[in-house]
Structures are given as structure tokens and as C-alpha cells.
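Single-structure report; data block below.
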């Protein structure tokens, strides 16, 4: 796998890193060299190691940060949509999140994990944040919270 790159023009913003697909075109790097191939999943990164870690970052604060990120096509936050599959908080303040999207063809697939990483990196005492985009298991509406179902007027 190619080393992650730092690029202020990626959707994650300055200082964020996004792993890129391997390989470059013969005429040098092009746009495809900076956009992730999300069909197989990828990982977005934000934050930095804590100098004096205070243990795992507060779970409620991570959840609150996740609830600030919304799918632009659905008026519900990604946490209540059930897009967050797993959150692992480590003793050194680092956080690893596994998430999915409603569909692999989602137009925000290349930027949503970076937005999630940035939101969680802003939590007090958070260290490095890695957000892994996965497609298995596939997301389904059953993963949504009751609040999300009510907000979207889904009666199942």
C-alpha cells in the first residue's frame, strides 16, 4: 500500500491524510492519484498523537462529534443513520472508527470518512483518528435508530 499523503486540497482539509490508490499515470500525478478508490474501502486520518495521553477519549464526546456529521442527501446524522459500525477508543487517546455509507455509489464516499475523522479529532484529548470505510456488512435501514426512522417517517 502506498504511504498516506498530506494534501491541503483534499476534502479533509489541511493536515489531514487520506490513503490513495496505488499507481500513477505515465505523465505524472493526476486527479485520480489524489482521489480514493472507495470500491474496496479506504481509511481517512486526522489528528495527532497525544503528548500526555489521559486514557481513552470520552465515549459520549465521540458520539456527540459523530452526530455533528450529516449525510447531505438525508437530513439525519450518520450516527443515527447507523453508518457507524464500530468505535474503538485506545488508552493513548487514538480512535479507530469503522463505518459504511448507504450505498457504494454514494456521491460523498470520497469525503465523508474524512469529515468524520476531522469531527472526532476535535474532541478533547483525542489523538490520531482513523476512519475506515467498509462495505461489508452492507448498510440497511434496519441499522437506523428509532429517532432517525421517525425523522424520515419510516414505519418499519
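Numbering (the numbering used here), first residue to last: 459 to 614. Quick reminder that beta carbons are idealized off the backbone N, C-alpha and C, glycines included.
- Boundaries of the beta strand (DSSP E) around residue 591: 587-591.
- Per DSSP, the continuous beta strand (DSSP E) segment holding residue 544 begins and ends at 542-547.
- Secondary structure at residue 506: coil, using DSSP grouped into helix, strand and coil.
- Boundaries of the beta strand (DSSP E) around residue 553: 553-557.
- For residue 600, there is no enclosing alpha helix (DSSP H), as DSSP marks it with neither H nor E.
- The closest CA to that of residue 544, considering only 554, 574 and 513, is found on 554.
- The beta-carbon distance between residue 547 and residue 520, rounded to whole angstroms, is 7 Å. This is short enough to meet the 8 Å contact definition.
- Of the residues 513, 600 and 612, the one whose Cα lies closest to the Cα of residue 585 is 513.
- Taking each of 510, 571, 518 and 591 in turn and checking the Cα distance to residue 551, the smallest one comes out for 510.
- Annotation for residue 523: 577, 578 and 581 place their beta carbon closer than 6 Å to its own, counting only its chain and skipping 5 residues before and after.
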